[in-house]
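Right, one structure below, let's go through it.
There are 2 protein chains.
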Amino acid sequence: MNEQLQPLKKQPRAGKAGRSGTQDDIVYAHIFEAILEQRLAPGTKLSEEALGEIFGVSRTIIRRALSRLAHEGVVLLRPNRGAVVASPSVEEARQVFMARRLVERAITELAVLHATAEQIAELRQMVNDERDSFSRGDRGAGIRLSGEFHLKLAEAAKNAPLISFQRSLVSQTSLIIAQYESGNRSHCSYDEHTQLIDAIEKRDGELAVNLMMHHMDHIDSKLNLDEESASDDLHAVFSHLLQTKKPGRSPAKI
Amino acid sequence: MNEQLQPLKKQPRAGKAGRSGTQDDIVYAHIFEAILEQRLAPGTKLSEEALGEIFGVSRTIIRRALSRLAHEGVVLLRPNRGAVVASPSVEEARQVFMARRLVERAITELAVLHATAEQIAELRQMVNDERDSFSRGDRGAGIRLSGEFHLKLAEAAKNAPLISFQRSLVSQTSLIIAQYESGNRSHCSYDEHTQLIDAIEKRDGELAVNLMMHHMDHIDSKLNLDEESASDDLHAVFSHLLQTKKPGRSPAKI
DNA sequence: CTACTAAGCATTGTGTACAATCGGCATGTT
DNA sequence: AACATGCCGATTGTACACAATGCTTAGTAG
């Protein structure tokens, strides 16, 4: 139980990923980040009481955060049986990627039309942060920042429903990447992000869409969704055993 | 305010829209239905305590239902200030419709590929129900069933993220229709739904997509988003006044 | 020794009490 | 008379206690 998250108590502003000050968001951001960084493996049970003790809040807050995570598809909420980190199947991963292709194409077209100079500057800044994370070897932050880039792009498209959907898709994609990525390559090449920004700044819609589609191709070509799906399924099948083993250790770990 | 919702108390199975037995769903369905039937006008405040008393459940349940409605965009949750029925602006309505075009096109293409005979039969049954509702003059049920048709179609596309997104879009569309529809025409011609099913059954993807796009055209051509946006904005602007007037009547109204 | 049953325990679901926050109203000041 | 400010009522935010449910395990019968 030594690897417990910081027992924050009215932490004025979370130094890591938590943006706004509300406890909800802090808990949400921390759990989400832990999942992306694979400190919480798919299938891990997320006990309300344990989480509440760790974060120093009551189960009410935890429950809201879990509900939100469940709605975004990174947590599975089983009635009367608690929450677990989602372990998307290969089929679910394919569906997410299909939906993302659809949405990213539309977002790119809209962003070319509506992105402001300020937003483009922010996008460049995010690519810089992303590159820094990878150079530091911080894989979890890299995945998260890469996702936030795509989310920022969605904001430039100026369509609220699309932004909301994209948020959900990006979350699930991050989880899928964390689960399925073949480790040998950098997963979200920021070069492609930079080229994409250039095309958007030049208002070249056709080029931008082509770059985005190639970007999507690259992302899922790095995953083992096709050939090695067996091993993935195996992992998913046995994932519940990983946390069902007897509590030979301390009981209060996430 | 004698038009208070039925004070159900552990109603075993809601006879109207509530499907599954959990209290959450019952409350959710009733509020949603009330919004669609305009028994709850946009801007109306949704007090947790009042709703809890009406439905005979505690605020906990109400809060979950409101949270869900808020996530689907039909209810606006303002921190520390309670929930109100959303009153989508013209711009928001446009964004929803743009997103729906995108999603409906994709859903139609996928449904042509994957819809089973059973699903097609269910779709036909839903069109029948929809027609019956309109012939009975039950406008609220008609809007709801029309939305459920599009949702069922999404299920035929066999893509979970798209289904989830479509659910949110359909909910918001229903609210927009209820708010903006020019009253002189039937809003969702079930004839077009029937033709669409025929095209899907014949596996004619091109025709199906064309029909769906025309269907979308018809839907928003019936709305007053363009010319009469002034009156709509006016309504939205003053909507908060409608429920801010002094409580000269009974306090326990939604 | 295996399989089935039942009891105990742990965890989630729900209701309610208390605390924090916000909007409205009255009063005082310029 | 108009504006600013402090108080008060109402409503939401949070935490906690109790109830219900499912899982685990021990015990017994075959």
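In the order they appear, the protein sequences are chains A and B. Using the working numbering, the first residue of the first sequence is number 1, and each one after it goes up by one. Using the working numbering, the first residue of the second sequence is number 1001, and each one after it goes up by one. Glycine residues also receive a C-beta, built at the ideal position from the N, C-alpha and C atoms. None of the values given here were measured: they were computed from a predicted structure.
Measure the Cβ-Cβ separation of Y190 (chain A) and R100 (chain A) and say whether it is below 7 Å.
By 1-based counting over the first sequence, the position of residue 190 (chain A) is 190. By 1-based counting over the first sequence, the position of residue 100 (chain A) is 100. Going by C-beta atoms, Y190 (chain A) is not nearer than 7 Å to R100 (chain A).
Where E1037 (chain B) falls: helix, strand or coil (DSSP):
Start at 1 with the first residue of the second sequence, and residue 1037 (chain B) comes out as number 37. Looking at E1037 (chain B) - three-state DSSP - the assignment turns out to be coil, as it is neither helix nor strand.
Which one of A:R144, A:A50 and A:A115 has the shortest CA to CA distance from E155 (chain A)?
Here the question's residue 155 (chain A) lines up with position 155 in the first sequence. Considering only alpha carbons, the answer is A:A115.
Would you report the Cα separation of L1113 (chain B) and R1203 (chain B), rounded to the nearest angstrom?
On the second sequence, residue 1113 (chain B) is found 113 positions in, with the first residue counted as 1. On the second sequence, residue 1203 (chain B) is found 203 positions in, with the first residue counted as 1. C-alpha separation (whole angstroms): 7 Å.
In the DSSP assignment, what are the bridge partners of A1083 (chain B)?
Position 83 of the second sequence, counted from the first residue, corresponds to residue 1083 (chain B). Partner(s): B:L1046 and B:L1077.
Of all Cβ atoms in chain B, is any one closer than 7 Å to the Cβ of V85 (chain A)?
Translated into the one-based positions of the first sequence, residue 85 (chain A) becomes position 85. False, the Cβ-Cβ gap to chain B never drops below 7 Å.
Which of helix, strand or coil does DSSP assign to E1118 (chain B)?
Taking the first residue of the second sequence as position 1, residue 1118 (chain B) is located at position 118. Helix at E1118 (chain B).
Whole angstroms are fine: how far does the CA of D25 (chain A) sit from the CA of E1227 (chain B)?
Within the second sequence, numbered from 1, the residue matching residue 1227 (chain B) stands at position 227. Within the first sequence, numbered from 1, the residue matching residue 25 (chain A) stands at position 25. A caution first: E1227 (chain B) carries a pLDDT of 46, below 50, which makes its placement in the model unreliable, though a value can still be read off. Using only the alpha carbons, I get a separation of about 41 Å.
Can the beta-carbon of A160 (chain A) be found less than 7 Å from the beta-carbon of Q1172 (chain B)?
For this step, residue 160 (chain A) is matched to residue 160 along the first sequence. For this step, residue 1172 (chain B) is matched to residue 172 along the second sequence. For A160 (chain A) and Q1172 (chain B), no; Cβs fall outside 7 Å.
Hey, does N1159 (chain B) have any beta-carbon neighbour from chain A nearer than 7 Å?
Translated into positions along the second sequence, residue 1159 (chain B) becomes position 159. Closer than 7 Å: yes.
Residue range of the alpha helix (DSSP H) that includes T60 (chain A):
Counted from its first residue, the first sequence places residue 60 (chain A) at position 60. Unbroken alpha helix (DSSP H) run through T60 (chain A): R59 to H71.
Just reading off the alpha helix (DSSP H) that T1022 (chain B) is part of, what are its end residues?
Counting from one through the second sequence, the residue named residue 1022 (chain B) turns up at place 22. Here T1022 (chain B) belongs to no alpha helix (DSSP H), and DSSP marks it neither H nor E.
Compare the C-beta of D232 (chain A) with all C-beta atoms of chain B and state if any pair is closer than 7 Å.
The residue labelled residue 232 (chain A) in the question sits at position 232 within the first sequence. Bear in mind that a pLDDT of 38 at D232 (chain A), under 50, signals an unreliable position, so the model cannot answer this.
By Cβ distance, which residues of its chain are closer than 6 Å to G147 (chain A), with the 5 residues on each side in sequence left out?
In the first sequence, the residue the question calls residue 147 (chain A) occupies position 147. Counting only Cβ-Cβ distances below 6 Å, and skipping sequence neighbours, we find V170 and S174.
Could you tell me whether the Cβ of A1156 (chain B) comes closer than 7 Å to any Cβ of chain A?
By one-based count along the second sequence, residue 1156 (chain B) stands at place 156. So, not an interface residue.
Looking at R167 (chain A): is its Cβ nearer than 7 Å to the Cβ of L151 (chain A)?
Looking up residue 167 (chain A) in the first sequence gives position 167. Looking up residue 151 (chain A) in the first sequence gives position 151. Against a cut-off of 7 Å, the Cβ pair of L151 (chain A) and R167 (chain A) comes out as a contact.
Cβ of Q95 (chain A) within 7 Å of any chain B Cβ:
Position 95 of the first sequence, counted from the start, is the residue given in the question as residue 95 (chain A). Answer yes: the Cβ-Cβ gap between Q95 (chain A) and chain B drops below 7 Å somewhere.
For L153 (chain A), report the span of its alpha helix (DSSP H) as first-last.
Working through the first sequence from its first residue, we reach residue 153 (chain A) at position 153. Here the alpha helix (DSSP H) through L153 (chain A) covers R139 to A156.
Which residue comes first and which comes last in the alpha helix (DSSP H) that contains E1201 (chain B)?
Within the second sequence, residue 1201 (chain B) is the residue found at index 201, counting from 1. Here the alpha helix (DSSP H) through E1201 (chain B) covers Y1190 to E1201.
Can Q52 (chain A) and R63 (chain A) be called in contact, C-beta distance under 7 Å?
Here residue 52 (chain A) is taken as the residue at index 52 of the first sequence, counted from 1. Here residue 63 (chain A) is taken as the residue at index 63 of the first sequence, counted from 1. Sequence check: residue 52 (chain A) is Gly here, not Gln. No, Cβ-Cβ distance for G52 (chain A) and R63 (chain A) is not below 7 Å.
Can you find a C-beta in chain B that's less than 7 Å from the C-beta of A106 (chain A)?
By one-based count along the first sequence, residue 106 (chain A) stands at place 106. Interface residue, yes.
Hey, does F1134 (chain B) have any beta-carbon neighbour from chain A nearer than 7 Å?
Counting from one through the second sequence, the residue named residue 1134 (chain B) turns up at place 134. No, its Cβ sits nowhere closer than 7 Å to a Cβ of chain A.
Given this structure, state the Cα-to-Cα distance separating F134 (chain A) from E1109 (chain B), to the nearest angstrom.
Position 134 of the first sequence, counted from the start, is the residue given in the question as residue 134 (chain A). Position 109 of the second sequence, counted from the start, is the residue given in the question as residue 1109 (chain B). Roughly 39 Å between the two C-alpha positions.
Within chain B, the residues that S189 (chain A) reaches when beta carbons sit closer than 7 Å:
Walking along the first sequence from the start, residue 189 (chain A) turns up at place 189. Simply none; closest approach about 24 Å.
Just the chain A side, please: which residues come within less than 7 Å of A1099 (chain B) by C-beta, in chain order?
As a working mapping, residue 1099 (chain B) is identified with position 99 in the second sequence. Near A1099 (chain B) (Cβ distances below 7 Å), the residues of chain A are N159, P161 and L162.
Which residues mark the beginning and the end of the alpha helix (DSSP H) in which E1206 (chain B) is found?
By one-based count along the second sequence, residue 1206 (chain B) stands at place 206. E1206 (chain B) -> alpha helix (DSSP H) spans G1205 to S1221.
Would you list, in chain order, the members of the segment 65–84 of chain A that have their beta-carbon closer than 9 Å to a beta-carbon of chain B?
S67, R68, H71, G73 and P79
If we call anything under 7 Å between Cβ atoms a contact, is R177 (chain A) one with I143 (chain A)?
Position 177 of the first sequence holds residue 177 (chain A). Position 143 of the first sequence holds residue 143 (chain A). A quick correction: the sequence has Ile, not Arg, at residue 177 (chain A). For I177 (chain A) and I143 (chain A), yes; Cβs fall inside 7 Å.
contact_flag[the segment 1062–1078 of chain B, the segment 118–132 of chain A] where n(CB pairs < 8 Å) is 3 or more:
no
My understanding is that L1102 (chain B) touches A106 (chain A), with C-beta atoms under 8 Å, so please give their C-beta distance in whole angstroms.
One-based indexing of the second sequence puts residue 1102 (chain B) at position 102. One-based indexing of the first sequence puts residue 106 (chain A) at position 106. About 5 Å; that satisfies the 8 Å criterion.
Under 8 Å by Cβ, that's how I've got L196 (chain A) and H215 (chain A) pegged, so tell me the actual separation to the nearest angstrom.
The residue you call residue 196 (chain A) lines up with position 196 of the first sequence. The residue you call residue 215 (chain A) lines up with position 215 of the first sequence. Right, the Cβ-Cβ distance comes to about 7 Å (below 8 Å), so this counts as a contact.
At least one CB of chain B closer than 7 Å to the CB of F165 (chain A): is that the case?
Stepping through the first sequence from its first residue, residue 165 (chain A) is reached at position 165. So, interface residue.
Contact set between L1169 (chain B) and chain A, taken where Cβ atoms lie within less than 7 Å:
Residue 1169 (chain B) sits at position 169 when you count from the first residue of the second sequence. Going along chain A in sequence order, the residues near L1169 (chain B) (Cβ under 7 Å) are P161.
Can you pull the chain A residues whose beta carbon is under 7 Å from the beta carbon of L1036 (chain B), in chain order?
Residue mapping note: residue 1036 (chain B) aligns to position 36 of the second sequence, counting from 1. What L1036 (chain B) touches in chain A: nothing, since even the nearest Cβ is about 18 Å away.
Nearest by alpha-carbon distance to F1149 (chain B): which of B:H1071, B:G1137, B:I1120 and B:E1033 is it?
Numbered from its first residue, the second sequence carries residue 1149 (chain B) at position 149. It is B:I1120 whose Cα lies nearest to the Cα of F1149 (chain B).
For a contact defined as C-beta to C-beta under 8 Å, what are the partners of E1092 (chain B) on chain A?
On the second sequence, residue 1092 (chain B) is found 92 positions in, with the first residue counted as 1. Under the 8 Å cutoff, chain A gives A160.
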